[in-house]
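Student: In order, the protein sequence lines correspond to chains G and A.
The letter at position 56 of the first sequence is residue 56 when you use our numbering, and the numbering goes up by one with no holes.
The letter at position 116 of the second sequence is residue 1116 when you use our numbering, and the numbering goes up by one with no holes.
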Amino acid sequence: MIAGAGVDVAPIGRVARLVEGHRPSLDRIFTDAEQRHCEAARPSRRAGRYAAAFAAKEAVFKALGTGWRSDVEWAEVDTVRTDPDGGVAISGGVRREADRQGIARIFVSAAITSDNAVATAIAERQGDDAA
Amino acid sequence: MTRDEIGERVAQALVQALGVSRGDITPETSLSRDLEAESIDFLDVVFRLEKDFGIEVARGELFPQELLRDPALVANGVLTAEGVKALRERFSFTDLSHLQPGLKVDEMMNNMLTVKLIVDYVEHKLAAVPNRS
């Protein structure tokens, strides 16, 4: 059963400004794997990948109903890796919140246009396989 | 560094992070309500404050993240008396006498995250570091 859904749009230019202006702090937003994935893209595509990752994280927070102000960290959602159960890799406070809500996995999808990245997240409750 | 100097640096950080004009910023200006700051903007602001003032904004210090998840402090989306007490203790560097039990959390966050709160916070952080204030 679907326990929550979230969607977010991230302006690529805005995310690019954040990334370029605060490279030493990026570990607090993006995991190592995400940064490698984004930096591996052609220069003209890098900002789009960062924006997609950012939008996906925000979508996950919305699917959990926590919002960015809650006890979760951006880097606790790794949008380029998956958990063994097939959902996006989550850890720390995000994992604890998902467990508290009985959510087994969160699926994420993202798309990039010339100006924006959009992402959706669907949170699935535990026990759905047996249902 | 004087409070006026801190205030000006904070204002410049907001101008650069949010793309607003200096004239839009007063001590009472709310980042959410008046400047329409979103999540990415708050990250930008925090990173700029850390860089500009050489401070570390620890988790929950400027934004009461985990406090708002405690059911003893927030019930049905509104602050409890215990929640008001906890926030005033956490944000002892600023005046939160206006907070009252029963205040909606969303409304509180909109009203609480002002330029003055940030200036109070930075002043408090700098005062805690010898030879920096």
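In this text, a Cβ means the ideal position worked out from N, Cα and C, and glycines have one as well.
From a predicted model like this one, the values you see are computed outputs, not experimental measurements.
The region 1033-1051 of chain A: which residues have C-beta closer than 7 Å to a C-beta of chain G, in chain order?
Tutor: From the region 1033-1051 of chain A, only S1039, I1040, L1043, D1044, F1047 have a Cβ closer than 7 Å to chain G.
Student: For G:R29, which residues in chain A fall below 8 Å Cβ to Cβ?
Tutor: Here residue 29 of chain G turns out to be Ile, not Arg, going by the sequence shown. Chain A residues near G:I29: L1043.
Student: Check A:P1071 in the structure and name its three-state DSSP category.
Tutor: Note: A:P1071 maps to coil in three-state DSSP.
Student: Is there at least one Cβ from chain A nearer than 8 Å to G:L18's Cβ?
Tutor: By this cut-off, G:L18 is an interface position.
Student: With distances taken between CB atoms, is the gap from G:T82 to G:A53 smaller than 8 Å?
Tutor: For G:T82 and G:A53, no; Cβs fall outside 8 Å.
Student: Is the Cβ of G:S91 closer than 8 Å to any Cβ of chain A?
Tutor: No, G:S91 does not count as interfacial toward chain A.
Student: I need the straight-line Cα distance from G:M1 to G:V108, nearest angstrom please.
Tutor: C-alpha separation (whole angstroms): 16 Å.
Student: Between G:Q101, G:V72, G:G67, G:E20, which has its C-alpha nearest G:Y50's C-alpha?
Tutor: With distances taken between Cα atoms, G:Y50 lies closest to G:E20.
Student: On a Cα-Cα basis, can you pick out the residue from G:P43, G:A47, G:H37, G:A59 that is closest to G:T113?
Tutor: It is G:A47 whose Cα lies nearest to the Cα of G:T113.
Student: Who are the Cβ neighbours of A:H1124 in its own chain at under 6 Å, not counting the five residues just before and after it?
Tutor: Only F1093 meet the Cβ criterion.
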